[in-house]
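Just below is one structure, and these are the notes that go with it.
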Amino acid sequence: MRYQSEAQLEDGLVKRLIGLGYAPVTLPDMAAMRENLRVQLGKHNGVTLSDSEFAKVINHLDKGNVFDKAKTLRGRMQLTRDDGTPLYLRFMNTQEWCQNEYQVTTQVTVTGHHKTRFDVTLLVNGLPLVQIELKRRGMELKEAFNQINRYQRHSYWAESGLFQYVQLFVISNGVNTKYYANNRNQDFKQTFFWAEEDNELVTQLDAFADAFLEKCHVSKMISKYIVLHESDKILMVLRPYQYYAVEAIDARVKAGRKNGYIWHTTGSGKTLTSFKAAQVLIENPKVDKVVFVVDRADLDYQTTKEFNHFSDGSVDGTDNTKALVGQLGGETKLIVTTIQKLNTAISRDRYDSALGDVKDQRVVFIFDECHRSQFGETHKRIVESFSKAQMFGFTGTPIFADNAVGKRTTKDLFAESLHKYVITDAIADENVLRFSVEYWGKLKRKDGSLIDEEVPAINVREFYDSPDRIEGVVDWIIQNHDRKTHNKQFSAMLCVSSVDALIAYYETFKRKKDAGEHHLRVATIFTYGPNEADPDADGLIGDPDLNVADLPVDVHKRDRLESFVADYNAMYQTKETVKDSAGFYTYYNHLSKRLKDRDRKDALDKDRLDILLVVNMFLTGFDAKKLNTLYVDKNLKYHGLIQAFSRTNRILGQVKSQGNIVCFRNLKPKTDEAITLFSNKDAIETILMAPYGEHVGQFNAAVDVLRDIAADPDSVNDLKSEEDQLAFVQAFRDLIRLRNVLTSFTEFDPADLALGLQEFEDYKSKYLDIHDKTKADKADDAASIIDEVDFELELIQRDEINVAYILALLAEAYEDQGSLDPKIRDASQAKKKMVQDLLGSERHLRSKRELIEKFIEEHMGAMAPGQSVTDAFSGFWDKEKSKAIAEICVTEKLDPEAFKGMIEKYHFSGKKPLQGEIVSALEVKPKILERKSIVERIRARLLKLVATFDEGLGGL
């Protein structure tokens, strides 16, 4: 079968772009690109730039990183011309975005670490703002993504760094086409298909070019729909459904004062959408103020920081209602506040005079999580208080007649839905994960006997809260938590029915931890008001009230929480308190931040929280990508159930393949009912993962495919062509993906699989051999079809197999090798073989393989009588590390003490050494043009040294 070649794909795309109004231009190298930039910028600004003037422009453009340059693009440069007159040079017209100069070029050559050529580049006023990477039809789209990542490492920064002005990347193999913002740290799962307004995907390259790359549209995306995220210093681009939602709100405000709501499923990025909507609306001269309203529980540090970066002073994080009244009555156009403060401001008579003028101004209110019960009362007060109010709501779970439970529906409050993006859309687009739901109504005691849940209804509450049952649930969690969270790579929440039940659960976990039965880090938070009616009765999630000062106090509960917070302080060396409202809110925010920060690159294991124990808090509006499991021991239904389940389904890498839900009550009817309400009855199979048996069948079918390519691990050696090796890599990768899902099921049994563990490990070793051979540095022209495949090595990392584990095996083998018992000698040989196999198959041990083998061959036999293997190895390891450091310092001409200082600093902070630190440690300072490559080489050698000698050692 013949595929359309990459060159044919490129040629067809360029012709289409020319038809869309792009002017073709040939720019073989960066010198030609700079000269073209001079002409295009001059044309856009109506001037001719001299050599000296343009040199100043290039110097201005060369400053900063990708984020800094995104700001430069959107600003103006004050250029002093040769005759002394000032010129405010504009790089892009972002207000009238169609009024720019557009060109298309191909195969621009840039020389960085390697000489590279970029497929198709779209130029706006001479700057490369859109980079398109193509792969021939039939190849994986991810290969184009990986290619761009290599360009970012090797070339984009080179030759004045003009390619760091790229705002959007487009990747395509003709059949599938995606786009994403220039953010070096993002994963392939953060790339997006474009879509029509009804969420119909636009995947073919030709159709994508017509819809997305049309001059005005792509300029609009760059000018209006890229967000400069100040906290993380990255670019973010809106997904199509976010774009259509903001456009719909903007259009409705321009057309009149009708309300509306956006139904976008939980986890799809509603906060970013509403943030961008607020940004867009304050640019409308007919709008006097935009008030963004959230629940206090959702106004965390990150949200506050982002809004204040965009509009300084827009968020007042205090409980001071007077400050909000001052904002409403003053000049602040964008206001971010809590629903609690807004209610106080508009319901108290003493604020009437201060709000007199604004009540007749055009004020647009945007409500986040508008399904919450409090919004009904607030809506009524706003209508009574503001004569020209216009309201928009965002929700992932609207209130319909079926789930209103005495409340007004979302349609009653906000009129029609302006855009829908339901959970089935998000799963189909891979923007959220599916749920893997397990129901464990029958609980086993430690002795294996069952706890009977078949009890009369009158005793249900007593049964669920019984110590015997709670102990059974805790034992189940202790036994299965590592399986669910991939050995604590992820965190979990346990939600229970009441504060009394929560206290019982926490104290059970604590008692078992003190007894040495587990090492899980458990924390909790709850409000300490007196008992009310059964909070679990309706299965909906109550709105958390963080202002505990307004609540009557149950002293016993407050004291219990204070003691639990003392445990937290001891665990993390903090000084939290919940004795007053301010302390309670601070503790709440610190818990939120601890869970959210787990997905940061600089996250440390000592800061890990394994299980957060809650009643209602954190079950709505809370996003933490490293949360993958929810244990449920409470009744849930309708929007309460979907909201709670959705805490687990944020996309993050390959290992997180689904959101795990473990129900200790029979919630299956309520789960099916909720899915039917918020999508449709046929969606149940789309939203929920297939059962364990079905995944076993898929795995075993994949084994058959693998064996057709290589009947056994040794047969992989016979795969000589790259095409055959690629087929093996793709087949085995399918297996490790499926195995990653299978191992998270509680009933997982390796015996169910058609590939034994040892044979799996042997195939894995061959897989890693191909990876190591292919990924080794090579000349730029030595292209390989395997080189662009993502091996997804995170799926086969096993941190518990470390050097300490290897040494323990060696010690046992060494001790038993002289035994008179042949069985013990055979076991000793088996352990030595296991060490060799592990050194070949475990990814993080492969860099240590030669050194460990050297220790075995040259040092173990010469150990002194009574000397432990660990002691002998430690001495050997320290000497080898010193030799490696000395070798780097000699070859790179580095000051040894300065280099050791960089290593220590990296261990302490986790931050790579800066360019200035490395340059100052060099005995001979490099030339400017050589500096970057030398610094990157030394930095890479430092990281490799640390990975080899300091990481994966276990308890050594």
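Using the numbering used here, you'd call the opening residue of the sequence shown number 1 and step up by one each time.
Backbone N, C-alpha and C define an ideal beta-carbon position, used for all residues, glycine too.
Here's the rule I'm using: 16 or more other beta-carbon atoms within 10 Å means buried, otherwise exposed. How should residue i be labelled?
i, result
"S155", "buried"
"V325", "buried"
"D425", "buried"
"A181", "buried"
"D714", "exposed"
"V924", "exposed"
"Y179", "buried"
"C98", "exposed"
"D534", "Because the pLDDT of D534 is 49, which lies under 50, any placement of that residue in the model is unreliable, and the number read from its coordinates should be weighed accordingly. Exposed is the call here."
"S882", "exposed"
"N185", "exposed"
"V553", "exposed"
"R600", "exposed"
"Q103", "buried"
"E532", "The predicted position of E532 is uncertain, since its pLDDT is 46 and thus under 50; a value taken from the coordinates is nonetheless stated next. Result: exposed."
"K626", "buried"
"G46", "exposed"
"E143", "buried"
"L604", "exposed"
Out of the options, state which residue places its alpha-carbon closest to the alpha-carbon of residue i.
i, options, result
"Y165", "T177, G138, G126 and V703", "G126"
"L334", "F275, D772 and D51", "F275"
"S657", "R558, K69 and H486", "H486"
"M92", "D465, K189 and E101", "E101"
"T629", "I611, N635, K69 and F618", "I611"
"Q836", "F855, R825, P822 and D821", "F855"
"P128", "M77, A144 and A70", "A70"
"G256", "K341, V363, L168 and C216", "V363"
"S498", "A209, M571 and D633", "D633"
"A501", "I525, H481 and R707", "I525"
"E673", "D950, D402 and M77", "D402"
"K579", "A566, Q573 and M571", "A566"
"L753", "Y767, L768, I736 and K766", "I736"
"E747", "D51, K63 and W440", "W440"
"L985", "E897, M689 and N36", "Given a span of 1 to 956 for the chain in the structure shown, any question on residue 985 remains unanswerable."
Could you pull the start and end residues of the beta strand (DSSP E) that residue i belongs to?
i, result
"D119", "K115 to V124"
"N146", "Counting along the chain, N146 falls outside any beta strand (DSSP E), though it belongs to the alpha helix (DSSP H) covering L141 to H154."
"F292", "K289 to V294"
"P86", "P86 to R90"
"H518", "That residue, H518, is in no beta strand (DSSP E); it is neither H nor E in DSSP."
Taking DSSP's pairing of strands, which residues face residue i in a bridge?
i, result
"T72", "Looking at the DSSP assignment, T72 forms no beta bridge with any residue, so it has no partner."
"Q131", "T121 and F169"
"K178", "I171"
"H229", "I234"
"T338", "V294"
Go ahead and pull the three-state DSSP assignment for residue i.
i, result
"W476", "helix"
"Y638", "helix"
"T273", "helix"
"Y351", "helix"
"L492", "Looking at the sequence provided, one finds Ala at residue 492 rather than Leu. A492: strand per DSSP, three-state reduction."
"L9", "helix"
"I366", "strand"
"M77", "strand"
"M391", "strand"
"A947", "helix"
"T629", "strand"
"I806", "helix"
"N45", "helix"
"H60", "helix"
"K773", "helix"
"T94", "coil"
"Q658", "coil"
Kindly indicate the opening and closing residues of the alpha helix (DSSP H) around residue i.
i, result
"C216", "K215 to K224"
"I709", "Y692 to I709"
"N589", "S581 to K596"
May I ask you to check if the CB of residue i is nearer than 8 Å to at least one heavy atom of the ligand GDP?
i, result
"A70", "This structure simply doesn't include the ligand GDP, nor any ligand for that matter."
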